[in-house]
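Take 189 as the starting number for the sequence shown in our numbering and just add one per residue.
For each residue, glycine too, the CB sits at the ideal point set by N, CA and C.
One structure below.
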Amino acid sequence: HRHVFRGIKADLHEYYPSGKKIVWGSFSSCAAFIDILESNLLLGISGTRTIFDIECDSGKDISQYSYFPQEKEVIIVIATQFTVTGCLNEGNGLFTIQLKETKPSHHLLKPVTHFSESKKTYPSKKSNFRLIAV
189 HRHVFRGIKA DLHEYYPSGK KIVWGSFSSC AAFIDILESN LLLGISGTRT
239 IFDIECDSGK DISQYSYFPQ EKEVIIVIAT QFTVTGCLNE GNGLFTIQLK
289 ETKPSHHLLK PVTHFSESKK TYPSKKSNFR LIAV
């Protein structure tokens with residue numbers, strides 16, 4: 189198991205009561221260390237805020253590809269399923285919601301690590317398209 193953290197500048201605690209099962213709705217960047225969230229670019233230290241304390245098995249460590257490798261960035265994949273295990277009002281507008289990844293009763297997406305081999309062949313003709321990084 190790995191614990192990761194995600195911060196949102198909003199009060200979301202009413203949407204996440206203990207015991208609720210949720211499906212994560214997007215690909216999301218998380219931090220391996222909670223103190224990273226204090227950055228004003230992420231969560232900051234004042235105002236209305238929610239920290240997700242996430243226990244996950246399927247998060248993907250992308251720190252070797254990140255612009256800030258010291259942040260030990262982990263991606264939570266869309267459609268990962270969790271159960272809310274707790275919610276704490278920390279005061280001063282800060283809430284912490286604990287999530288634990290659960291094994292789905294049925295998969296909404298195929299796991300990222302499984303690839304099928306394609307038997308389709310492609311013509312060797314050169315393309316007029318070029319990949320341009322923006």
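Close CB contacts of T290 within its chain, under the 8 Å cut and outside five residues either way in sequence, are with K209, Q269, F270, T271 (chain order). The C-alpha of Y203 lies about 15 Å from the C-alpha of L282. Bounds of any beta strand (DSSP E) do not take in K291, whose DSSP letter is neither H nor E. An exposed status is given to G235, since fewer than 16 other beta-carbon atoms sit within 10 Å of its beta-carbon. Between the alpha carbons of Q252 and Q258 lies a gap of roughly 9 Å. According to DSSP, K209 shares a beta bridge with T271. Counting along the chain, D241 sits inside the beta strand (DSSP E) bounded by residues 237 to 244. Following the DSSP letters along the chain, one finds I196 inside the beta strand (DSSP E) bounded by residues 190 to 196. Comparing alpha-carbon positions, the option among T238, C275, I233, A219 lying closest to R190 turns out to be A219. In this structure, the beta-carbon distance from T273 to I239 does not fall below 7 Å. With fewer than 16 other Cβ atoms inside 10 Å of its own Cβ, G207 counts as exposed. Its chain contains H189, E289 as the residues whose beta carbon lies nearer than 7 Å to that of D245, once the 5 sequence neighbours on both sides are disregarded; these appear in chain order. Taking every protein chain shown into account, the CB of F193 has 16 or more other CB atoms within 10 angstroms, so this residue is buried. Per DSSP, reduced to three states, the secondary structure at S216 is strand.
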